[in-house]
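*Asks:*
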């Protein structure tokens with residue numbers, strides 16, 4: 001489905017990219033560590049990120 005001539009997937013990807021690029025470097029580092037821990041401990045579980 002296209003919205004404003006773009007796919008919903010493209011719109012979501014662009015929105016997430018903007019949010020991540022605006023985050024301070026320290027916050028990016030903390031988020032990366034946290035996500036790594038969740039993925040490594042979960043091993044096959046579901047990862048949910050609320051922004």
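In this note's numbering, the protein residues as written are 1 to 51. For each residue, glycine too, the CB sits at the ideal point set by N, CA and C. Keep in mind it's a predicted model, so treat the numbers as computed, not measured.
Looking at the secondary structure, which residues open and close the alpha helix (DSSP H) in which residue 12 lies?
*Replies:* By one-based count along the chain shown, residue 12 stands at place 12. Segment 8-22, the alpha helix (DSSP H) holding residue 12.
*Asks:* Pull up the distance between the alpha-carbon of residue 3 and that of residue 30, whole angstroms please.
*Replies:* The sequence position of residue 3 within the chain shown is 3, counting from 1. The sequence position of residue 30 within the chain shown is 30, counting from 1. So the two alpha carbons sit approximately 34 Å from each other.
*Asks:* What does the alpha-carbon distance come out to for the pair residue 27 and residue 21?
*Replies:* As a working note, residue 27 is residue 27 in the chain shown. As a working note, residue 21 is residue 21 in the chain shown. Going by the C-alpha atoms only, they are around 11 Å apart.
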